[in-house]
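Below is one structure, written out as structure tokens; the observations come after it.
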Amino acid sequence: MSTDIEVVGAGPIGLAIGWRCAQRGMTVRVVDDGRTGAAHAAAGMLSPVAEAYFGEEALTGLLVESAKRWPAFAAELGDVGYRDDGTLVVALTSDDLAEAERLRAYQASLRLPITAMRASELRDREPRLSPRIRGGALAAGDHQVDPRKLVPALREAAIAAGASITLGEAGPAGVTVVAAGCGSAALAGVPVRPVKGQVLRLRAPDPGPPGFRHVIRGYADGRHVYLVPRADGEVVVGATVEELTDSAVTAGAVLDLLRAATDLMPDIAEYHLVEVVAGHRPGTPDNAPILGALDGRPGVVVATGHYRHGIVLTPITADLIADLVEKGVPDPMLAPFTPARFLS
Ligand code: GLY
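The opening position of the sequence shown corresponds to residue 1 in UniProt numbering, with each subsequent residue numbered one higher.
Here it is as structure tokens:
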């Protein structure tokens, strides 16, 4: 049987596109080079609000729309560690609070659901936060999934829908979708660069969930950190943002992340350090993904450059790219994210 669509890259984005296309009756092959991708390091925060940054309004719109699709997407896949306990923004010092509050005011000006909170209100929600914290905010709609559950669930769903997933290189196909993260630059000539992130995995000393349930996005003496608690006792602590291509894990990164994490939640010092990993986010010049057909390369579509937002953007990317492949016409939502904004 001939392949209607070949997807290059078996990370969450490629697998979800393959799955959605197979569900629409296309003959789908997903190919991968077998290298570990960004999802292995990713914490899985679904944070359209807390990650809405100055000057990125089009990206924020896409994040919000994709986050809305997550509950149904997760329900289709089964256990992907979806949790809707919400996110607390927590600031340690008055300077940290001023920085956090500036961003919160911007997010609120976009009518995003984020509420300022006093330190006492934060500690009522999470009693293990340090008594030193000065304040912060609640983004109740910012949730989380576990990327290490998501990837196998997507593989299974894609295969159940009829897609094949193989190691190797792209072959002939009606349409080739390049969803190869940092590898997309070499394959499609798009401006995607690796942005290194070092991430820790801790485990609560006692069996059961960790002693907190919200995702914590912290500002601690000028350092930025996030703590993501999983139901099984794991806590993901991230992440550095480094313009580096190596995969070394460094003492300085571990020190910085743990100092910030323990400043905000001192009990973390008793947790077991079980993993330090470095991944590479596929960064783009404007921090937004590159989604759409490549001019001058008939039959080639790209879905890459998701930078810090690959997990949250998985559902909408899959839906919009499957639509594009099926109908040959881009959804208007894709307009700000075309490859042509860089390549023309
Ligand atoms: N979205 C989290 C990160 O890139 O570290």
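Built from N, CA and C at the ideal position, the CB exists for glycine as well.
Assigned exposure category for T314 - 16 Cβ within 10 Å defines buried: buried
Straight-line Cα distance separating S164 from M1: Annotation note: pLDDT 46 at M1 (below 50); position unreliable, coordinate value reported separately. Their backbone Cα atoms lie some 12 Å apart in a straight line.
Residues near A293 by beta carbon distance below 6 Å, same chain, minus five either side: V301
Same chain only: Cβ atoms within 7 Å of A170, ignoring 5 sequence neighbours per side: E6, V8, V31, T176
Counted within 10 angstroms of its Cβ, other Cβ atoms place F73 as buried (16 or more) or exposed: buried
R308 beta carbon near the ligand GLY (any heavy atom closer than 7 Å): yes
Of the listed residues Y307, H309, G238, G233, nearest to H272 (C-alpha basis): G233
Endpoints, the beta strand (DSSP E) within which T245 is located: No beta strand (DSSP E) holds T245; DSSP gives it neither H nor E.
Residue interval of the beta strand (DSSP E) (run including G283): 272 to 283
Within-8 Å CB hit, V175 to chain C: Looking at the structure shown, chain C is missing, and only one protein chain is on hand.
Outcome for S47 when other beta-carbon atoms lying within 10 angstroms are tallied against a minimum of 16: buried
Identified DSSP bridge partners for H143: L46
P209 and P229 closer than 8 Å at C-beta: yes
T166, buried or exposed, once every other Cβ within 10 Å from all chains shown has been counted against 16: exposed
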